[in-house]
């Protein structure tokens, strides 16, 4: 195997080149020609620049790699940067490559291969002397491939460049495949693989063998002058005594002793772990058995509690059946007594119907009862009218206050009319003049009707005043015209619309201010629409607005110039070849949105070139940022001149003054505009922003005022709407007439003589009271029987439920008992009979299930013991011999079940 080709890239001062080698090679040349530099490259590739293995510049006797005589020592980093006597050919960060291509000699086993050393270095200027510093170092082995220079110096768009160190692995991997490119970051690993390849092997040699071969190669290349014949004979002729075998023997003995110490420590550690595992198994077994017994006790406790509840339920059913039977007996007795009493009542009523005076008495009594019911029915409407009178007075007072605080005479003169104010004053002054004691009015003990008659006169007057006011507010002012209420409603609607308009103006003004603050001009709506349409249908036209490309250099003429130009300021400028298409798009827009202008840029340019603007033209004080805009304004408005005053203005064809007066088309007019409408330049936008902010504040004040006015009108409408027509006196007249008739009927009833038949009435009254009492007893007995029947049905349902639950608990308790008895199969030393007997003797039966708390505590202890055992066995298996490994699969899905318990006991035996 020999070095067929060497590639140098950024190595010393050797150009980027490939060097072909033969079987025997001779480096020749003058001083500084690069002989030792090339040889050092080969040495670097063969030794990986490993410490104490390589000897740079052996021809100059610098094999110690320490500087002498002030001469700088050569290093791998200095070779990368091209150092020569302290000067660096590549002072920037540099990547360098050394590539060797090896091929087998004739008859030699093995295949051709390539190795690569890639290094990156930079120049450290800190300190008094600059030093080359190595940044990165990689090694590549590519078996079966012969690399070439163009793979490391590639052609890029801006010329040939060295491939970056970070990209070379990816590039070679894409070309030969990832498996074909072996990457090594460590020098030792690279050397082992390199000398393995040199021997034709598929793997690496040992580290000692690789370093020995590298050292031998470096010593072969290094020049060493002969200073002593004795040293030459001892070092070069005679063989040194090999103490390696003795050293290896001692080393093996030391390793054996160390291994025994390690093994003894491992055995002690395993014993400790096994002892811990055994304790964990014992703790788990005891707690698991205890938990099964507790499960049995909990099942027995629940069963006995359920049996006790079932017995109590059955006893309560029997008691309820007895009470229901007793109620049935009492109902039978009540039924017989009611029949007897009813027969007696029927007999007496038959006797009574034969007496005319008693029949008349009954008829009068029925009339009195009917009139009292009618009187009670009239109470609610009269009370409502009484409340309405109070509400009318209160609302009239509120209405008067509103009219005194606000002036709506301009919008509604009727609100300022004298008749309305007079009616309001009367209602407020009258208050509630008809003072009637309504509680006594509807009572049965009213004796004197005189106060009621007097109150009726007052009520008639109050009703008249209130209804006059209602008619003034709710009725029509003139025949066929809306009422005052309707006029106020219309005023409210108008005020609401006005407020909405103010709010919309505020929102629009906010948008305009926001645009100006972001240095954007607010275009008219039709210009906005036209711009969007042109951009959508003809984006190549590149539409712009004229005002964005003009600025007035003398601010005192700003207002007059922009006022004179008017809507022309918002002309749309497009590329000349798209002017016809742009205006066609604008023409097809619906309604007033097609009012935008498109500037004739190409024609304006031609006209502007042949026109000469007069002195003091307005375009002299305009600056432009767009040529088409400049041509358009010079051609269209270049003959508009600036004059001093109106006297001078009347003598020019087209002109303006600072004050905003203009001349044109043989007429004079005002051309001043508000600051808020200025759009030319930064100064105009600042003035427009300030003006719009002031307009916004004015609109805000107007909106607040409109909101306050609307709130007042709302209260006004509510007061007018709340005043109602009243019928208080009419209702009182009806009640008074009913009282008169009631008094007359009661008087007739009291004067009726039934003396000789009073005993018959008295006996009938007693029987009726007795029958009513029997009816009340019947209702009470039926309610009690119904309640008892419901309780009995509920107890029957509960009994069935308790019986079902009891059966389930019996099965569960038997299962728990069998579970306790089954422990002995997996754990023979467990006495199931003794455990069950002790559990029955210590069983505590109460509603508080304290067994559950103990069971939950045991579950936590079981989980902890299982985890402890698992961790202990993991540690044991890590340190023990393979034959002593304890196979343990915790099977978490069977945690704390019988299968898990059996496995714990098996593990305990293995431990």
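In my numbering, the protein residues as written are 323 to 1233. Ideal Cβ positions, reconstructed from N, Cα and C, are used throughout, including at glycine.
To which residues does DSSP link residue 324 through a beta bridge? Taking the first residue of the chain shown as position 1, residue 324 is located at position 2. By DSSP's assignment, residue 324 forms a beta bridge with 425.
Three or more C-beta pairs below 8 Å linking the stretch 958-968 and the stretch 927-941: Contact between the stretch 958-968 and the stretch 927-941 is present, because at least three Cβ pairs lie under 8 Å.
Measure the alpha-carbon distance for residue 665 versus residue 1049 and round it to whole angstroms. Numbered from 1 along the chain shown, position 343 holds the residue referred to as residue 665. Numbered from 1 along the chain shown, position 727 holds the residue referred to as residue 1049. Residue 665 and residue 1049: Cα-Cα distance of roughly 52 Å.
What is the rounded straight-line gap between the Cα of residue 305 and the Cα of residue 639? The requested residue 305 does not occur in the structure, where the chain is confined to residues 323 to 1233.
Please specify which runs of the beta strand (DSSP E), each continuous and at least 3 residues long, are wholly inside the stretch 726-754, giving them in chain order. Correct list: empty.
CA nearest to the CA of residue 871, picked from 858, 850, 1126 and 894: Within the chain shown, numbered from 1, the residue matching residue 871 stands at position 549. Measuring from the Cα of residue 871, the nearest candidate turns out to be 894.
Assign residue 569 to one of three DSSP states: helix, strand, or coil. The sequence position of residue 569 within the chain shown is 247, counting from 1. Reduced to three states, the DSSP call for residue 569 is helix.
Enumerate in chain order the residues of its own chain whose CB-to-CB distance from residue 510 is below 6 Å, with the five nearest sequence positions on each side excluded. As a working mapping, residue 510 is identified with position 188 in the chain shown. Excluding five sequence positions before and after residue 510, the CB atoms of its chain that fall closer than 6 Å to its own CB belong to 529, given in chain order.
Would you kindly check if the distance between the Cβ of residue 360 and the Cβ of residue 336 is under 9 Å? Here residue 336 refers to the residue found at position 14 when the chain shown is read from its first residue. Here residue 360 refers to the residue found at position 38 when the chain shown is read from its first residue. Less than 9 Å separates the beta-carbon of residue 336 from that of residue 360.
Inter-stretch contact at 8 Å, needing at least 3 Cβ pairs: the stretch 459-479 / the stretch 490-499: Pairwise C-beta distances place the stretch 459-479 in contact with the stretch 490-499, as three or more of them are shorter than 8 Å.
Within 10 angstroms of its Cβ, does residue 407 collect 16 or more other Cβ (buried), or is it exposed? Here residue 407 corresponds to residue number 85 of the chain shown, with the count starting at 1. By the 10 Å Cβ count, residue 407 comes out exposed.
Three-pair Cβ contact test at 8 Å for the stretch 884-901 versus the stretch 1020-1034: The answer is no - the stretch 1020-1034 does not touch the stretch 884-901, with fewer than three Cβ pairs under 8 Å.
Going along the chain, which residues of its own chain have a beta-carbon closer than 8 Å to the beta-carbon of residue 372, five neighbours each way excluded? Along the chain shown, read from residue 1 onward, the residue named residue 372 stands at position 50. Within the same chain, residue 372 has close Cβ partners 509, 510, 513, 533 and 536.
Looking at residue 499 and the ligand FAD, is the gap between the Cβ and the nearest heavy atom below 8 Å? The ligand FAD is not part of this structure, which contains no ligands at all.
Helix, strand or coil: how does DSSP classify residue 392 here? In the chain shown, counting from the first residue as 1, residue 392 sits at position 70. Caution applies to residue 392, whose pLDDT of 49 falls short of 50 and renders its modelled position unreliable; the value that the coordinates give is listed next. It is coil, neither helix nor strand.
Do three or more CB pairs link the stretch 1040-1060 to the stretch 691-703 at distances below 8 Å? Counting Cβ pairs under 8 Å, three or more are found: they touch.
Span of the alpha helix (DSSP H) around residue 510: Stepping through the chain shown from its first residue, residue 510 is reached at position 188. Boundaries of the alpha helix (DSSP H) harbouring residue 510: 509-520, taken from the DSSP string.
With residue 430 as the anchor, note down where its beta strand (DSSP E) starts and where it stops. The residue labelled residue 430 in the question sits at position 108 within the chain shown. Counted as a single uninterrupted DSSP element, the stretch harbouring residue 430 is not any beta strand (DSSP E), since DSSP gives it neither H nor E.
Using DSSP bridges, identify the partner residues of residue 455. Against the chain shown, residue 455 aligns to sequence position 133. According to DSSP, which records beta bridges pairwise, residue 455 is partnered with 444.
Kindly give me the distance between the Cβ atoms of residue 1142 and residue 618, rounded to whole angstroms, as I take these residues to be in contact under 8 Å. Along the chain shown, read from residue 1 onward, the residue named residue 1142 stands at position 820. Along the chain shown, read from residue 1 onward, the residue named residue 618 stands at position 296. Contact flag correct, Cβ pair sits at about 5 Å.
In the DSSP assignment, find the unbroken alpha helix (DSSP H) run with residue 851 in it and report its ends. To locate residue 851, count along the chain shown from 1; it is residue 529. Here the alpha helix (DSSP H) through residue 851 covers 847-859.
At the 9 Å Cβ level, is residue 441 part of the contact set with chain C, yes or no? Any reference to chain C falls outside this structure, which holds one protein chain only.
Simplified DSSP assignment, three categories, for residue 985: Numbered from its first residue, the chain shown carries residue 985 at position 663. Strand.
In chain order, which continuous runs of the beta strand (DSSP E) of length 3 or greater are located wholly inside the stretch 1056-1121? Fully enclosed beta strand (DSSP E) runs of 3 or longer: not present.
Considering only C-alpha positions, which residue in the set 935, 409 and 1202 is nearest to residue 587? In the chain shown, counting from the first residue as 1, residue 587 sits at position 265. Relative to residue 587, the option among 935, 409 and 1202 whose CA is nearest is 1202.
Cα-Cα, which of 1090, 716 and 1194 is closest to residue 1040? If you number the chain shown from 1, residue 1040 lands on position 718. Looking at the Cα atoms, 716 is the closest of the given residues.
On the DSSP bridge assignment, give the partners of residue 978 in chain order. In the chain shown, counting from the first residue as 1, residue 978 sits at position 656. Per DSSP, the beta-bridge partners of residue 978 are 964 and 984.
Can you grab the Cα-Cα spacing for the pair residue 885 / residue 982, in whole Å? Counting from one through the chain shown, the residue named residue 885 turns up at place 563. Counting from one through the chain shown, the residue named residue 982 turns up at place 660. Rounded to the nearest angstrom, the two C-alpha atoms are 7 Å apart.
Roughly how many angstroms lie between the CA atoms of residue 1030 and residue 1004, to the nearest whole one? By 1-based counting over the chain shown, the position of residue 1030 is 708. By 1-based counting over the chain shown, the position of residue 1004 is 682. Rounded to whole angstroms, residue 1030 to residue 1004 spans 39 Å at the Cα level.
From 440, 456 and 461, pick the residue whose C-alpha is nearest to that of residue 485; which is it? On the chain shown, residue 485 is found 163 positions in, with the first residue counted as 1. Comparing alpha carbon positions, the residue from 440, 456 and 461 closest to residue 485 is 440.
Does the Cβ-Cβ distance between residue 1184 and residue 649 come in under 9 Å? Residue 1184 sits at position 862 when you count from the first residue of the chain shown. Residue 649 sits at position 327 when you count from the first residue of the chain shown. No, the Cβ-Cβ distance between residue 1184 and residue 649 is not below 9 Å.
Does the contact criterion of 3 or more C-beta pairs under 8 Å hold for the stretch 979-998 versus the stretch 898-910? Output reads no: the stretch 898-910 does not touch the stretch 979-998.
Just mark residue 386 as buried or exposed, buried being the case when its beta carbon has 16 or more other beta carbons within 10 Å. As a first step, residue 386 is located in the chain shown; it is residue number 64 there, counting from the start. In this prediction, residue 386 scores a pLDDT of 45, lower than 50, which makes its location untrustworthy; no coordinate-derived value is stated.
Give me the residue from 1130, 1179 and 349 with the minimum Cα distance to residue 625. As a working mapping, residue 625 is identified with position 303 in the chain shown. When each option's Cα is compared against that of residue 625, the closest is 1130.
Buried or exposed by the 16-neighbour rule on C-beta atoms within 10 Å, applied to residue 844: On the chain shown, position 522 is the one that residue 844 refers to. Burial check for residue 844: the Cβ neighbour count within 10 Å reaches 16 or more, so the residue is buried.
8 Å contact criterion, which residue 749 and residue 791 should meet: CB distance rounded: Position 427 of the chain shown, counted from the first residue, corresponds to residue 749. Position 469 of the chain shown, counted from the first residue, corresponds to residue 791. About 5 Å; that satisfies the 8 Å criterion.
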